[in-house]
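Encoded as structure tokens, the structure appears first; notes follow it.
2 protein chains.
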Amino acid sequence: MTDFAATKAMFHLPEGVIYLDGNSLGPLPRAATAHVGQAMEAEWGQRLITGWNKAGWMALPTQLGDRIGALIGAEPGHVVVGDTLSIKVYQALASALQLNPDRRVVLTDNGNFPSDIYMAEGLLQMLDKGYELKVVAPEAVAGHIDDTVAVLMLTEVDYRTGRWHDMKALTALAHDAGALAVWDLAHTAGAVPVDLSGAGADFAVGCTYKYLNGGPGAPAFIYVAPRHAGRAVPALSGWLGHEAPFAFDLDYRPGAGIERMRVGTPPVLQIRALETAMDIWDMADINDVRARSVELCDLFIAEVEAACPDLTLNTPRDAARRGSQVSFRHSEGYAVMQALIARGVIGDFRAPDNLRFGFTPLYIDEADVHGAVRILADILTNRLWDRPEYKVRAAVT
Amino acid sequence: MTDFAATKAMFHLPEGVIYLDGNSLGPLPRAATAHVGQAMEAEWGQRLITGWNKAGWMALPTQLGDRIGALIGAEPGHVVVGDTLSIKVYQALASALQLNPDRRVVLTDNGNFPSDIYMAEGLLQMLDKGYELKVVAPEAVAGHIDDTVAVLMLTEVDYRTGRWHDMKALTALAHDAGALAVWDLAHTAGAVPVDLSGAGADFAVGCTYKYLNGGPGAPAFIYVAPRHAGRAVPALSGWLGHEAPFAFDLDYRPGAGIERMRVGTPPVLQIRALETAMDIWDMADINDVRARSVELCDLFIAEVEAACPDLTLNTPRDAARRGSQVSFRHSEGYAVMQALIARGVIGDFRAPDNLRFGFTPLYIDEADVHGAVRILADILTNRLWDRPEYKVRAAVT
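Residue numbers (our numbering), protein chains in the order written: chain F, 1 to 397; chain W, 1001 to 1397.
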């Protein structure tokens, strides 16, 4: 059984803050600063260029890939870390399209994260081969999987509502129709159990700064199913994905399996920070995390609905259909969130009217839920959000 | 006049090491660890998600872009930092091709860094429109610029030999022929004066871990000429390049100018390290750096040629035709470099037979040159490289 008091003690959590936004950026692992500092002083500082071999930097992307892979049901040796999530979405989609060259539809839903859709738009427009990006409602996805679909590209959990797609069922439908499935795990890796292998996913991508707690700008990851890994075209064919990067040949030859999905120089400092986050995951069982997450989300929904009649739940009530976040709608949602943040309860606002709260059992417990609801109820009951300064939109919301 | 003793004092340089590989990975700025630590503790740790606004993270890519832009003759507001160099090569080339849609040749040379060529191969293969990647000898480039060329894509200074292309002349030839020019500044930014604006470059890209000293995995940068910035298609169209990223619209609308070349979440920790490197550049004048670099390279060539008859210069003798590195050929170059590293003289080996030495006046001086040549001569004269352990190739060479 995971000791959640022990995992909570591994994070720096500021005084007076209840942090319900770990689904956007996880908190600082206490060990991270010293570990990154050590990498800077003892590795970069002392070893200089030889750090690539002697400090093992070159192997970090696959090492970390395997540690993340263990959390998402990936076969060992089939996940690699690097770049950003948008880049990995592009790479996965481009690769999947090349594996299914005779079809012209990419199917996604309007609950997919916009960047995934933008990257697909950019790719399909550039390919200029009559591709169609079909964007349907989440509940309409299954009905649109047919023999025109080349690739089904979905984010498993909706960033706004927490609605959770059934990866296994939709992947099976895609395969039955002759399509490939690309899954974005941004809101599932570290949030809920994921079984890529069992679900038969073809490609998957995700980020490490949300539930995995890798820090601002932490790298993304990509998974390629073993059956594709040896023939997938990486599309972004960089030197570190080459079979022999340091031969400096002029012709690209893809590396073995997942190695080919590497592109350029890995972000060593970010990866060292991510390592300390993964050390905390070594203390946890994702099934325990899920069970606690369901308890915390259920508790939050019940308490908010009892205390805040102005809010409307915008997340599936059935835990089996949602990830690890809860959203409520409010017409002045932006101002309400600013008022909450001013009181130390940090969640997210997501346009047009969502107050979004992430529940992350590694460091959030019942006392946090009670405290957050008490402050939320006070703000709503006493209209404390109704101040001009809470209505000025910041650049990043 | 730049005070090079003062700039040298800003770096951590290990005892007993003469570091002639700053053209591959610059050394640690002394201020970097504390600055990154501060970003981790006070920004990530204390501000959590609000760091994107309150710690100014979101603006870092353009802020750093402008600081780098000042070193390479870019107009303010036309450089942005992010991703890796390979990714930015892809983005620049894809964008340039879309600006010149009726031609089918991408011209480059075999002294271009292989990853640039690989990225182009991957892109052109995916576009599947009959593109040809024409790879010629560096000295043959000018003769191959004709009205079939869509994009001339070159690295300004050859990573093996230090041969320096004439950016202004070749860009003018390209423009006269109706082609666009994409320049990779990997071995010029921070090494020699670059005048992107004066040369009329259309796109430029570069990395920050070499002469700029940003650290292992530091982000890349991209420049788009003002005349293209408002119509360039970013190809990798991620949410942070969107006109309004936090509106979460489903349709991509490119941001203003260089902003559209942003893709995903910037690597905040790497950028904080890079800031301390750019602080040192604030103490230097690139023209002073160039003058010193020429002196140091000339001195090194003269001393090596006097003391090491086994070595053959593989760099233009004329300073005006080379960057800030010197290469010598030796049939056992790999083993010689291992022997040098074992004695504390760190350079690079580049296949098939190049010993490569970078000269970086911010922290390398005449005493370093004398010391390095003394050890090199000893190793060659006494065949100290002729040991089995020096001939075992490491993963990264």
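Quick reminder that beta carbons are idealized off the backbone N, C-alpha and C, glycines included. Just so we're clear, the structure is a prediction, and the values are computed from it rather than from any experiment.
Bridge partner(s) assigned by DSSP for residue i
i	result
Thr208 (chain F)	Looking at the DSSP assignment, Thr208 (chain F) forms no beta bridge with any residue, so it has no partner.
Leu313 (chain F)	F:Phe328
Ile1222 (chain W)	W:Val1080 and W:Val1205
Leu1028 (chain W)	W:His1012
Val1182 (chain W)	W:Met1153 and W:Phe1203
Arg242 (chain F)	A small fix is needed here, since residue 242 (chain F) is His in this sequence, not Arg. The partner list for His242 (chain F) (beta bridge, DSSP) reads F:Pro254.
9 Å Cβ cutoff met for residue i and residue j
i	j	result
Gly217 (chain F)	Thr1265 (chain W)	yes
Glu1303 (chain W)	Leu1064 (chain W)	no
Leu1180 (chain W)	Leu1296 (chain W)	no
Met40 (chain F)	Gly1238 (chain W)	no
Leu1123 (chain W)	Ala1169 (chain W)	no
Ala284 (chain F)	Asn213 (chain F)	no
Ala225 (chain F)	Phe203 (chain F)	yes
Val149 (chain F)	Ala174 (chain F)	yes
Ala137 (chain F)	Asp176 (chain F)	no
Val1263 (chain W)	Thr84 (chain F)	yes
Arg104 (chain F)	Ser327 (chain F)	no
Glu1132 (chain W)	Val1151 (chain W)	no
Phe234 (chain F)	Glu243 (chain F)	It is worth fixing the name first, because residue 234 (chain F) is Pro in this sequence and not Phe. Against a cut-off of 9 Å, the Cβ pair of Glu243 (chain F) and Pro234 (chain F) comes out as no contact.
Gly45 (chain F)	Thr1360 (chain W)	no
Ala191 (chain F)	Cys207 (chain F)	no
Leu48 (chain F)	Val1017 (chain W)	yes
Phe357 (chain F)	Gln325 (chain F)	yes
Pro193 (chain F)	Ile280 (chain F)	no
Arg1163 (chain W)	Thr1315 (chain W)	yes
Val1157 (chain W)	His1165 (chain W)	yes
Ala1339 (chain W)	Phe246 (chain F)	no
Leu1299 (chain W)	Val1205 (chain W)	no
With 16 other Cβ atoms within 10 Å as the buried cut-off, status of residue i
i	result
Lys88 (chain F)	buried
Gln1038 (chain W)	exposed
Lys1413 (chain W)	Missing from the structure shown is residue 1413 (chain W); chain W here goes from 1001 to 1397 and no further.
Pro61 (chain F)	buried
Met1001 (chain W)	exposed
Pro1267 (chain W)	buried
Gly1069 (chain W)	buried
Gly1215 (chain W)	buried
Gly1082 (chain W)	buried
Lys1129 (chain W)	exposed
Ser1293 (chain W)	buried
Range of the contiguous alpha helix (DSSP H) that encloses residue i
i	result
Asp1288 (chain W)	Ile1286 to Ala1307
Phe4 (chain F)	Phe4 to Lys8
His1144 (chain W)	Run containing His1144 (chain W): none; DSSP gives neither H nor E here.
Asn53 (chain F)	Gly51 to Lys54
Pro1061 (chain W)	Leu1060 to Gly1069
Met1337 (chain W)	Gly1333 to Ala1342
Boundaries of the beta strand (DSSP E) in which residue i is found, first to last residue
i	result
Leu1020 (chain W)	Segment: none, Leu1020 (chain W) is in no beta strand (DSSP E) and carries neither H nor E.
Glu1132 (chain W)	Glu1132 to Val1136
Thr1155 (chain W)	Val1149 to Thr1155
Helix, strand or coil at residue i according to DSSP, with G and I counted as helix
i	result
Pro1101 (chain W)	coil
Ile1087 (chain W)	helix
Asn1110 (chain W)	coil
His187 (chain F)	coil
Thr318 (chain F)	The residue asked about is misnamed: residue 318 (chain F) is Asp in this sequence, not Thr. Coil at Asp318 (chain F), not helix or strand.
His165 (chain F)	coil
Asp348 (chain F)	strand
Phe357 (chain F)	strand
Pro254 (chain F)	strand
Asp1378 (chain W)	helix
Thr1276 (chain W)	helix
Ile117 (chain F)	helix
Tyr159 (chain F)	coil
Arg1260 (chain W)	helix
Thr468 (chain F)	One cannot answer for residue 468 (chain F) here, as it falls past the ends of chain F, which runs 1 to 397.
Asp1176 (chain W)	helix
Met1283 (chain W)	coil
Thr1033 (chain W)	helix
Short CB-CB distance (under 9 Å) between residue i and chain B
i	result
Gly1122 (chain W)	Reference to chain B is not applicable here, since the protein chains of this structure are F and W.
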